[in-house]
Amino acid sequence: MTEPENNFYNKNLKPLARNLRNDSTKAEIRLWCELLSGKRMLGYGFRRQRSVGKYIADFLCKELMLIVEVDGYSHNFKTEEDAKRDEELQALGFTTLRFPDREVMQDIENVRRTLEAWIFEWQENLSQ
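For the sequence shown, UniProt numbering gives the first residue as 1, with consecutive numbering after it.
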(Lines of atoms letter the chains of each structure in order from A and count residues from 1; the text may use other names and numbers.)
(Lines give C-alpha, C1' and ligand atoms only; values in the text may rest on other atoms or scores of the structure.)
Protein backbone atom coordinates (compact mmCIF):
# COMPACT_ATOMS: atom_id res chain seq x y z
CA MET A 1 0.00 0.00 0.00
CA THR A 2 1.50 3.32 -0.98
CA GLU A 3 0.90 6.54 0.87
CA PRO A 4 -0.63 9.29 -1.28
CA GLU A 5 1.49 12.33 -2.00
CA ASN A 6 0.89 15.15 0.44
CA ASN A 7 2.78 17.95 2.06
CA PHE A 8 3.35 16.23 5.40
CA TYR A 9 4.17 12.55 4.72
CA ASN A 10 7.81 11.62 5.32
CA LYS A 11 8.67 8.31 3.63
CA ASN A 12 12.00 8.19 5.45
CA LEU A 13 10.13 7.51 8.71
CA LYS A 14 8.19 4.54 7.28
CA PRO A 15 10.47 1.82 8.78
CA LEU A 16 10.34 3.43 12.22
CA ALA A 17 6.55 3.80 11.99
CA ARG A 18 6.25 0.11 11.08
CA ASN A 19 8.36 -0.84 14.11
CA LEU A 20 6.19 1.32 16.38
CA ARG A 21 3.02 -0.31 15.02
CA ASN A 22 4.48 -3.70 15.86
CA ASP A 23 5.49 -2.54 19.35
CA SER A 24 2.36 -0.66 20.47
CA THR A 25 1.60 -0.01 24.11
CA LYS A 26 -1.43 -1.60 25.79
CA ALA A 27 -3.17 1.79 25.83
CA GLU A 28 -2.52 2.33 22.10
CA ILE A 29 -3.86 -1.14 21.32
CA ARG A 30 -6.96 -0.53 23.40
CA LEU A 31 -7.66 2.85 21.81
CA TRP A 32 -7.19 1.38 18.33
CA CYS A 33 -9.30 -1.73 18.91
CA GLU A 34 -12.14 -0.08 20.81
CA LEU A 35 -12.47 3.36 19.20
CA LEU A 36 -10.38 4.11 16.13
CA SER A 37 -10.06 1.05 13.89
CA GLY A 38 -12.49 0.33 11.08
CA LYS A 39 -13.93 3.86 10.97
CA ARG A 40 -15.57 3.30 14.38
CA MET A 41 -15.13 6.93 15.37
CA LEU A 42 -18.24 8.43 13.76
CA GLY A 43 -17.24 6.98 10.38
CA TYR A 44 -13.80 8.60 10.19
CA GLY A 45 -10.77 6.52 9.27
CA PHE A 46 -7.65 6.65 11.39
CA ARG A 47 -4.19 5.25 10.66
CA ARG A 48 -1.76 4.02 13.30
CA GLN A 49 1.79 5.29 13.63
CA ARG A 50 1.91 7.57 10.58
CA SER A 51 4.65 10.03 9.73
CA VAL A 52 3.75 13.70 9.81
CA GLY A 53 6.62 16.04 9.01
CA LYS A 54 9.52 14.94 11.18
CA TYR A 55 7.28 13.12 13.66
CA ILE A 56 5.29 9.93 13.91
CA ALA A 57 1.73 10.35 15.13
CA ASP A 58 0.20 7.58 17.23
CA PHE A 59 -3.08 7.95 15.30
CA LEU A 60 -3.86 10.17 12.33
CA CYS A 61 -7.07 11.06 10.52
CA LYS A 62 -6.25 12.97 7.35
CA GLU A 63 -9.87 13.93 6.69
CA LEU A 64 -10.17 15.61 10.09
CA MET A 65 -6.54 16.76 10.11
CA LEU A 66 -6.51 15.27 13.61
CA ILE A 67 -3.70 13.54 15.48
CA VAL A 68 -4.44 11.52 18.61
CA GLU A 69 -1.53 10.85 20.94
CA VAL A 70 -1.42 8.42 23.85
CA ASP A 71 1.08 9.70 26.39
CA GLY A 72 2.82 7.29 28.71
CA TYR A 73 4.70 8.07 31.89
CA SER A 74 7.74 9.46 30.05
CA HIS A 75 5.64 12.34 28.70
CA ASN A 76 5.43 13.73 32.24
CA PHE A 77 8.99 14.92 31.62
CA LYS A 78 8.53 16.06 28.02
CA THR A 79 5.98 18.85 28.31
CA GLU A 80 8.14 21.38 26.47
CA GLU A 81 9.03 18.85 23.74
CA ASP A 82 5.38 17.89 23.33
CA ALA A 83 4.31 21.54 23.13
CA LYS A 84 6.92 22.24 20.43
CA ARG A 85 5.84 19.14 18.53
CA ASP A 86 2.16 20.11 18.74
CA GLU A 87 3.02 23.63 17.55
CA GLU A 88 4.93 22.26 14.53
CA LEU A 89 2.09 19.86 13.70
CA GLN A 90 -0.39 22.73 13.99
CA ALA A 91 1.69 24.66 11.46
CA LEU A 92 1.07 21.72 9.07
CA GLY A 93 -2.68 22.11 9.69
CA PHE A 94 -3.20 19.41 12.34
CA THR A 95 -4.87 19.50 15.72
CA THR A 96 -3.37 17.20 18.35
CA LEU A 97 -5.44 15.66 21.11
CA ARG A 98 -3.44 14.00 23.88
CA PHE A 99 -4.67 11.36 26.30
CA PRO A 100 -2.66 9.88 29.17
CA ASP A 101 -2.14 6.10 29.08
CA ARG A 102 -3.95 5.88 32.38
CA GLU A 103 -7.09 7.58 31.04
CA VAL A 104 -7.23 5.27 28.01
CA MET A 105 -6.91 2.23 30.26
CA GLN A 106 -9.23 3.37 33.07
CA ASP A 107 -11.79 5.66 31.41
CA ILE A 108 -12.06 4.86 27.70
CA GLU A 109 -15.59 6.28 27.67
CA ASN A 110 -14.28 9.74 28.55
CA VAL A 111 -11.76 9.43 25.72
CA ARG A 112 -14.66 8.51 23.40
CA ARG A 113 -16.73 11.49 24.57
CA THR A 114 -13.80 13.87 24.12
CA LEU A 115 -13.08 12.64 20.58
CA GLU A 116 -16.75 12.73 19.60
CA ALA A 117 -17.17 16.27 20.99
CA TRP A 118 -14.12 17.44 19.03
CA ILE A 119 -15.46 15.86 15.83
CA PHE A 120 -18.94 17.34 16.30
CA GLU A 121 -17.40 20.80 16.80
CA TRP A 122 -15.20 20.29 13.70
CA GLN A 123 -18.27 19.29 11.66
CA GLU A 124 -20.21 22.30 12.92
CA ASN A 125 -17.36 24.67 12.00
CA LEU A 126 -17.13 23.05 8.59
CA SER A 127 -20.81 23.65 7.85
CA GLN A 128 -20.64 27.36 8.75
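The beta-carbon is built from N, C-alpha and C at its ideal position, and this holds for glycine as well.
N- and C-terminal bounds of the beta strand (DSSP E) containing residue i
i: LEU66; result: 66-71
i: LEU31; result: LEU31 -> not in any beta strand (DSSP E); alpha helix (DSSP H) instead, spanning 26-31.
i: GLN49; result: 47-52
Option nearest residue i by Cα separation, candidates the options
i: MET41; options: SER24, GLY93, SER127 and GLU116; result: GLU116
i: ARG112; options: GLY53, TRP32, ARG50 and LYS26; result: TRP32
i: GLN90; options: GLU109, SER37, ASP71 and GLY53; result: GLY53
i: TYR55; options: LYS11, ARG30, ILE108 and GLU124; result: LYS11
Alpha carbon of residue i to alpha carbon of residue j, nearest angstrom
i: LEU64; j: ILE119; result: 8 Å
i: GLU69; j: GLN106; result: 16 Å
i: ARG47; j: PHE59; result: 5 Å
i: ARG98; j: THR114; result: 10 Å
i: HIS75; j: ALA27; result: Low confidence applies here, because HIS75 scores a pLDDT of 48, under 50, leaving its location unreliable and the question unanswered by this model.
i: GLU34; j: ALA83; result: 27 Å
Simplified DSSP state of residue i, which is helix, strand or coil
i: ARG40; result: coil
i: LEU60; result: strand
i: ARG112; result: helix
i: LEU92; result: coil
Any C-beta of chain B under 7 Å from that of residue i
i: THR96; result: Chain labels in this structure do not include chain B; a single protein chain is all it has.
In DSSP terms, what residue i is bridged to
i: THR79; result: DSSP lists no partner for THR79.
i: ARG85; result: The partner list for ARG85 (beta bridge, DSSP) is empty, contrary to what the question assumes.
i: LEU97; result: VAL68
N- and C-terminal bounds of the alpha helix (DSSP H) containing residue i
i: GLN106; result: 101-106
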